[in-house]
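Below you'll find the structure, written out as C-alpha cells, and then a few comments.
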Amino acid sequence: MVNVNVTTMPFSSSSSSSCRFRPLPPTPTVSVVIIGIQLDRISFSSFIHSLAMDIRGDADTGSFSSLFAAVSYGISSMAMVFINKAVLMQYSHSMTLLTLQQLATALLIHFGRRMGYTKARGVDMATAKRLLPVSIFYNANVAFALASLKGVNIPMYIAIKRLTPLAVLIAGFFYGKGKPTTQVTLSVMLIAAGVLIAALGDFSFDLFGYSMAFISVFFQTMYLVLVERSGAEDGLSSVEIMFYNSFLSLPFLMFLIIATGEFPDSLSILFAKSYSFSFLVILVISLVMGIVLNFTMFLCTVVNSALTTTIVGVLKGVGSTTLGFVLLGGVQVRALNVTGLVINTAGGVWYSYAKYQQKISKTVKQIPDVEAHRK
C-alpha cells in the first residue's frame, strides 16, 4: 500500500528564487492500493482540495516543508516507475499512456477550480507562452523515459537516470547559478561513477532502450532547471505550474500520437484491454500516481532546488533498484552491481553532508552581518 498524505502548505513567490511556506492542518489520507483504489467521498474531496489549493504564505520556509516535499517526491517517483513498467508490459503504447495521464491531471485541477476547491488563477496567455518550454521539455522527458522502459529493465533504467544530477550541476553553472562547492561537485561525480559501475555489471544491452533513456536524461535536466526558474520568476504555485504543463502538453501529445501512428489503434486496444479488471486497476493507479508525481516533483523543485530534486531521485533509486532485481521479471544479481550501488549511496550521503555544512557556514556568516547592521 502506498499512503499519500497530502498537506497544503501555502507559499508566496517573489522576484527572488526563495519560496515561503506555512503548514496547515493535515488533510485525510488518500490510500492507493496495488490491488485496488480506496477513495471514499470525503478523502477524495480532500485530495482534490489539497492538490488544487494555492500554496501561498509569508512565513519562513521550515525544515518540515522541505522534508515533506522531498520524501513525497521520492516515494511517488519510486512507485511510478514500477506502475508504468507494469502497464507497458501489457500495453506498449507509451505516448497514449502519457496523454491519458496529462488529460487526467488537467481535468482534476480544472474541475477542482470550478467547484471552488482552489484559488488558482485561470489560464493567462502571456504566462502560458513563458511556460511553453517547460511543458515541451517535461513531456519529452517522460515520453523518452516511457519508451526506454519498453526495452530496459528497471535497475538499468534507474542507473542511467541517476546521471541527471551531474547534468543539472553542469546546466546550473552555464545559466549563471554559480559554481558549486568542491564537496558538492565531487559527491555528485561519485554518484555518477557508482551508476556507471553498477550499469557495467549488468548490461543486457538494448540500443533503442538505452538511447531513449539517455535522451530522457537531457530533457529532464532542462525541464528541472526551467521549472525552478519559472516558479521563482512568474510567481506561480506548484499546482498552477502543473496545470499549465498539462494544459499545454495536450495539443503537442495529440499531434505526436497521430504522427507516430499510435492513434487510433492504441485506443481500440485500450478499449479491448479494459475488460481485464487487473489491467484496468493498474491503468487507473497509473493515472492517479501521474498526478501525484507531477505535483510532488514541481513542489520539491520549487521548495528546494533542481539539484536537490534529482538527488532525492538518486537516493530513492537505491530502493527501486533493489526491488527491480526481483519484481516484474527480475534481473540477475552481480557483484559489480552491488559495488556500484554502494558507491552511489556513499555519494548521496556525502552530498547531504556537504549541503548541511554549506548551510551551516551561511548561517554563521549571516550572524556577524546582522550584528554589524544593528550597530
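Okay, so the sequence shown: first residue is 3 according to the numbering used here, each after it adds one.
No residue lacks a Cβ here, since even glycine has one placed at the ideal position from N, Cα and C.
| query | result |
| --- | --- |
| Can you list, in chain order, the residues of its chain with a C-beta nearer than 6 Å to that of Met82? Leave out the 5 residues immediately preceding and following it. | Met291, Leu295 |
| For Ser288 and Ser248, what's the separation of their Cα atoms in angstroms? | 16 Å |
| Counting C-beta neighbours from all protein chains within 10 Å, is the total for Pro157 16 or more, i.e. buried, or is it exposed? | buried |
| So, do the segment 186-204 and the segment 335-349 have three or more beta carbon pairs nearer to each other than 8 Å? | yes |
| Alpha carbon to alpha carbon, how far is Ile111 from Leu171? Give it in angstroms, no decimals. | 32 Å |
| Does the Cβ-Cβ distance between Val197 and Leu165 come in under 8 Å? | yes |
| Counting Cβ pairs closer than 8 Å, one from the segment 126-137 and one from the segment 271-278, do we hit at least three? | no |
| Name the residue from Ile260, Gly321, Val154 whose alpha carbon lies nearest to the alpha carbon of Phe210. | Val154 |
| Within the same chain, show all residues whose beta-carbon is closer than 8 Å to that of Ala201, passing over the 5 residues directly before and after it, in chain order. | Met158, Ala161, Ile162, Gly342 |
| How long is the line joining the alpha carbons of Phe254 and Phe216, rounded to whole angstroms? | 22 Å |
| Under 8 Å, do Ser74 and Thr298 count as touching if we go by C-beta distance? | yes |
| If you measure between the beta carbons of Lys357 and Val186, is that distance less than 8 Å? | yes |
| How many Å lie between Ser239 and Arg336 at the Cα? | 44 Å |
| Closest to Tyr355 by C-alpha separation, out of Leu325, Thr310, Ser322, Asn339, would be which residue? | Thr310 |
| Which residue's Cα is closest to the Cα of Ser78: Thr120, Val125, Glu242, Leu301? | Leu301 |
| Per DSSP, what kind of secondary structure is Gln360 in: helix, strand or coil? | helix |
| Please state whether DSSP places Glu264 in a helix, a strand or coil. | coil |
| Mark Lys121 as exposed unless 16 or more other C-beta atoms lie within 10 angstroms of its C-beta, in which case mark it buried. | exposed |
| Using beta-carbon positions only, say whether Thr183 and Gln360 come within less than 8 Å of one another. | yes |
| Return helix, strand or coil for Pro253, following the three-state DSSP convention. | helix |
| Where does Phe327 fall in DSSP's three states? | coil |
| Should Thr98 and Glu264 be called a contact, given that it needs their Cβ atoms to be closer than 8 Å? | yes |
| Near Arg115, what residues of its chain come up, given a Cβ to Cβ distance below 6 Å and the 5 sequence neighbours on each side ignored? | Ala122 |
| Report the CB separation of Phe146 from Met214 in whole angstroms; it is logged as a contact under 8 Å. | 5 Å |
| Take the Cβ of Pro119 as the centre, count every other Cβ of all protein chains shown within 10 Å, and call the residue buried at 16 or more, exposed below. | Reading the sequence as shown, one finds Tyr at residue 119 and not Pro. Under this definition Tyr119 is a buried residue. |
| Decide if Lys87 is buried, meaning its Cβ has at least 16 other Cβ atoms within 10 Å, or exposed. | buried |
| Determine the DSSP secondary structure at Arg123, reduced to helix, strand or coil. | coil |
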